[in-house]
Each structure stands twice: as C-alpha cells, then as structure tokens.
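Visitor:
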Amino acid sequence: MLMRLKRLVDRVAQRLGGPRVLALPLIRTLAVLAIVTWSLLSPTAPPGWDAVDTTVLAFVLYSAAVETALWFRPGTTLGWNVPVLLVDQAFALTLIWETGGARSGLYLALPLIAALHSYYYGIRRGITVAATSAVAYLVVVWPTIEGIEVGNVAIRLVVLLGTAVGVGVLADVEERERLRVGTLSAEAREREAFIRGVVDNLSEGVFALDRA
Numbered sequence: 040m041l042m043r044l045k046r047l048v049d050r051v052a053q054r055l056g057g058p059r060v061l062a063l064p065l066i067r068t069l070a071v072l073a074i075v076t077w078s079l080l081s082p083t084a085p086p087g088w089d090a091v092d093t094t095v096l097a098f099v100l101y102s103a104a105v106e107t108a109l110w111f112r113p114g115t116t117l118g119w120n121v122p123v124l125l126v127d128q129a130f131a132l133t134l135i136w137e138t139g140g141a142r143s144g145l146y147l148a149l150p151l152i153a154a155l156h157s158y159y160y161g162i163r164r165g166i167t168v169a170a171t172s173a174v175a176y177l178v179v180v181w182p183t184i185e186g187i188e189v190g191n192v193a194i195r196l197v198v199l200l201g202t203a204v205g206v207g208v209l210a211d212v213e214e215r216e217r218l219r220v221g222t223l224s225a226e227a228r229e230r231e232a233f234i235r236g237v238v239d240n241l242s243e244g245v246f247a248l249d250r251a
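Position 77 of the sequence shown, counted from 1, bears residue number 116 in our numbering, the numbering being contiguous throughout.
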C-alpha cells in the first residue's frame with residue numbers, strides 16, 4: 040500500500056516538474072482545509088451565511104482552479120506566479136479584515152505566502168513580498184489597532200519579515216548545495232566516460248591515453 044502510494048506521488052511529481060513543484064498544490068490544499076475548518080468551527084462566527092463564508096467559498100473555488108490549471112498546464116501556470124501571489128494576498132487581507140482586523144489570527148497566511156516566494160523565487164522576492172504584505176496589513180488593521188494589539192501587530196510584522204529572510208537564506212544554501220552536487224555528478228560522469236574509453240581501447244589492443 041505504501042509502495043503504491045509512493046509510486047503515485049512520484050508520478051504526480053514527475054508530471055508537475057519535480058517534488059518542489061508538487062509541494063505547491065499540497066500546501067494550497069492544506070491552506071484550504073485549514074480555512075474551511077476554521078470557518079466551520081469558529082466560535083465567533085455569526086449564525087447563517089455571511090461575508091466571511093462567501094470569501095472562503097471564493098477562495099476554495101479559486102484554489103481548485105489554480106490546482107486544476109497546474110495539473111493540465113504546469114509550465115504555464117507556474118509562469119503566473121505573480122498574479123497568483125496578488126490574488127492570494129487579496130484573499131488573505133480580505134479575510135483578515137472580515138474577521139476582526141488586528142484581532143484576527145488569519146494573519147498567519149501572510150508569512151506563509153512570503154516564505155513560499157522566498158523559497159521558490161529567492162530571498163529578494165521573499166523580502167519584497169513580505170514588505171508589501173506588511174504595508175498592506177497595516178493599512179487593513181490600522182482602524183482596529185488599540186491597546187495590546189499595538190504590540191501584537193508589531194510582533195507579527197517582525198515575524199513576517201523574519202520568516203522571509205530566514206527561509207530565503209535556507210533556500211540559497213540549498214541551491215548552492217544542489218549546484219555543488221550537480222557539478223560533482225558531472226565530473227564523475229566525465230571520469231567514468233574517460234575510464235570506459237580507456238578500457239574499450241585496451242580491449243581492442245590499443246592503449247591510448249589522451250585527455251585533451
């Protein structure tokens with residue numbers, strides 16, 4: 040059962056472009072499950088259908104469309120990363136506004152978005168996304184900041200920027216290691232090809248050693 044599941048995951052990852060790309064729809068699916076669960080179980084939610092439910096439903100449908108596009112046209116969909124970023128931020132900020140502004144716990148979506156862009160597109164993109172998210176977050180929550188929320192908002196902004204920087208640094212280290220492994224693998228293949236050529240020449244009774 041586990042081996043069958045592993046083969047299925049490997050096939051899906053290969054279709055999408057590798058394990059790093061496969062992580063994107065998985066993280067989005069987790070985000071959808073989290074927001075739907077929160078919407079259903081939140082003790083502060085008013086009875087009946089409200090604006091938050093409409094926004095959550097819109098986000099679920101939008102995420103389903105993104106994942107469907109990623110499945111059928113992965114290359115094109117990955118090229119839409121900036122529009123997808125803007126829509127994700129818009130949904131996050133709308134939900135934050137609708138669920139209490141500075142008191143909303145849904146601000147966690149912003150560090151997640153910044154971390155993903157920092158990891159996949161580099162630390163500069165991550166810091167840019169974090170900075171714009173921080174400014175937009177302040178604009179959204181400013182009317183609701185009072186008392187202890189001043190300190191909470193300050194901590195959230197530090198976490199937002201720090202997450203982008205931290206994940207970006209780790210991503211850069213990982214990328215350097217990946218390039219190093221690729222270089223070593225290429226050198227190993229060259230040595231293997233050279234040795235195979237020498238062995239072939241020896242088997243034919245000709246000894247030729249010319250690495251030039």
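Glycine is no exception: its CB is placed at the ideal position from the N, C-alpha and C atoms. Being a predicted model, the structure only gives us computed values, none of them experimental.
Identify, in the order they occur along the chain, each residue of the same chain with its Cβ nearer than 6 Å to the Cβ of Arg195, setting aside the five sequence neighbours on each side.
Guide: For Arg195, where only same-chain residues beyond five positions count, the Cβ hits under 6 Å are Tyr146.
Visitor: Between Thr115, Leu199, Asp92 and Val71, which lies nearest to Val165 when the distance is taken from Cα to Cα?
Guide: According to the sequence displayed, residue 165 carries Gly and not Val. For Gly165, the closest of Thr115, Leu199, Asp92 and Val71 by C-alpha to C-alpha distance is Leu199.
Visitor: With distances taken Cα to Cα, identify the nearest neighbour of Arg163 among Arg67, Glu231, Val91 and Gly205.
Guide: Gly205
Visitor: Using a Cβ-Cβ cutoff of less than 7 Å, which residues in the same chain neighbour Leu100 once the five nearest sequence positions on both sides are dropped?
Guide: Cβ within range, chain order: n/a, list empty.
Visitor: Measure the beta-carbon distance from Gly207 to Ser157 and round it to whole angstroms, keeping in mind my assumption that it falls under 8 Å.
Guide: 4 Å
Visitor: With H, G and I counted as helix, E and B as strand and the rest as coil, what does DSSP make of Arg112?
Guide: coil
Visitor: Determine the DSSP secondary structure at Asp211, reduced to helix, strand or coil.
Guide: In this structure, Asp211 counts as helix in the three-state DSSP scheme.
Visitor: Suppose the cutoff is 7 Å on Cβ atoms and the five residues either side in sequence are ignored; what does the same chain contact list for Ala203 look like?
Guide: Ala153, Ala154, Ser157, Gly165, Ile166, Val168 and Ala169
Visitor: Taking the alpha carbon of Gly139 as the reference point, which residue from Phe98, Ser81, Ile66 and Ala104 has its own alpha carbon closest?
Guide: Ser81
Visitor: Should the segment 88-97 be regarded as contacting the segment 107-124, the criterion being three or more beta carbon pairs within less than 8 Å?
Guide: The segment 88-97 vs the segment 107-124: no contact.
Visitor: Which full runs of the alpha helix (DSSP H) of 4+ residues lie inside the segment 68-107, going along the chain?
Guide: none
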